[in-house]
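**Student:** Structure in C-alpha cells, see below.
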Amino acid sequence: MPSHQEIDQRSLALHRLIAEKIRQDPSLFEKPRETLGRWRKTVCTNSQPYLEEWQRLVDMGIEECLTVATEDSERANAMRQASPFCRILTNEERWEFLLEWDKSHGASDQEIKERRQKMIEDQDLLEKNNYFVK
893 MPSHQEIDQR SLALHRLIAE KIRQDPSLFE KPRETLGRWR KTVCTNSQPY
943 LEEWQRLVDM GIEECLTVAT EDSERANAMR QASPFCRILT NEERWEFLLE
993 WDKSHGASDQ EIKERRQKMI EDQDLLEKNN YFVK
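Here the working numbering runs 892 ahead of the position in the sequence shown, where the first position is 1.
Pasting the structure below:
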C-alpha cells in the first residue's frame, strides 16, 4: 500500500498532466467551475473550505489556479484532495497515467495485471450504468 507521501506525489504528477491538457485547450477550464457548482451544494461541510478556496482560485483565472494545482507544498497536497479537476482527463487517459505511474514506481507484474483487471471492471461498470466522465 502506498504511503501518504507517494499518494501526494502521484496526485501532483496527475495534476501536472491535467494542467498541461488545460493549457493546450483552455476551454476545459470550464469543467472545474461546473464541478465546483455541483459539489458546493452536496459535499460535506469538512470539504467546504477547500471548495471555497478552489472557487476563489478558479475565479482568479487559469494560471493562478493551475499554479496551486501543480504546486509541491503541504497546502497544495491538501487542496488536491478536493480537486475539481476530476473531469479533465478521460478514463482512458487517467488509466494510462496510473499504469505508467505504477510501472515507473516499481510495481510488480502481478500488481500491474491486477490494476489492469480493475480498470476493465471499472469500465464495464461505467458502461453498464451508462455513465461516462467526459
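Virtual Cβ for every residue (Gly too), placed ideally from N, Cα, C. As the structure is a computational prediction, the values presented were derived from the model and not from experiment.
1. CB-CB under 7 angstroms to Thr927, same chain, minus the five flanking residues each way: which ones, in chain order?
2. With a Cβ-Cβ cutoff of 8 angstroms, do Val1027 and Arg932 count as a contact?
3. Would Arg1007 pass as a contact of Asp1016 if the rule is Cβ separation under 8 angstroms?
4. Quick one: what's got a C-beta closer than 6 angstroms to Phe921's C-beta in the same chain, skipping five residues either side?
5. Could you spell out the range, first to last residue, of the alpha helix (DSSP H) harbouring Leu904?
6. Under the three-state reduction of DSSP, which class applies to Met893: helix, strand or coil?
7. How long is the line joining the alpha carbons of Pro941 and Arg902, rounded to whole angstroms?
8. Quick check on the DSSP output: the alpha helix (DSSP H) that includes Val950 runs from which residue to which?
9. What number of angstroms, rounded off, separates the C-alpha of Ala905 from the C-alpha of Asp964?
10. Could you check if Ala970 is buried or exposed, using at least 16 other CB atoms within 10 Å of its CB as the buried criterion?
11. Please name the residue in Arg908, Trp987, Ser919 and Gln973 whose C-alpha comes closest to that of Asp1014.
12. Excluding sequence positions up to five away, which residues of its chain have a Cβ less than 8 angstroms from the Cβ of Met893?
**Tutor:** Result, derived from the coordinates:
1. Start at 1 with the first residue of the sequence shown, and residue 927 comes out as number 35. Same-chain partners within the cutoff: Pro976, Cys978 and Arg979.
2. As displayed, the chain neither begins before 893 nor continues past 1026, which places residue 1027 out of reach and without an answer.
3. Locating residue 1007 in the sequence shown gives position 115, counting from the first residue. Locating residue 1016 in the sequence shown gives position 124, counting from the first residue. Contact flag unset, no.
4. Reading the sequence shown from its first residue, position 29 is the one you call residue 921. Ile914 and Ile954.
5. Working through the sequence shown from its first residue, we reach residue 904 at position 12. Per DSSP, the unbroken alpha helix (DSSP H) holding Leu904 starts and ends at His896 to Gln916.
6. The residue given as residue 893 occupies position 1 in the sequence shown. It is coil, neither helix nor strand.
7. Residue 941 sits at position 49 when you count from the first residue of the sequence shown. Residue 902 sits at position 10 when you count from the first residue of the sequence shown. Each residue's Cα considered, the two are about 23 angstroms apart.
8. Sequence index remark: in the sequence shown, residue 950 carries index 58 (1-based). Run containing Val950: Gln940 to Met952, per the alpha helix (DSSP H) assignment.
9. Residue numbering aside, residue 905 sits at position 13 when the sequence shown is read from its first letter. Residue numbering aside, residue 964 sits at position 72 when the sequence shown is read from its first letter. Distance between the alpha carbons of Ala905 and Asp964: 10 angstroms.
10. Sequence index remark: in the sequence shown, residue 970 carries index 78 (1-based). Result: exposed.
11. Translated into the one-based positions of the sequence shown, residue 1014 becomes position 122. Nearest of Arg908, Trp987, Ser919 and Gln973 to Asp1014, Cα basis: Trp987.
12. Residue 893 sits at position 1 when you count from the first residue of the sequence shown. Cβ within range, chain order: n/a, list empty.
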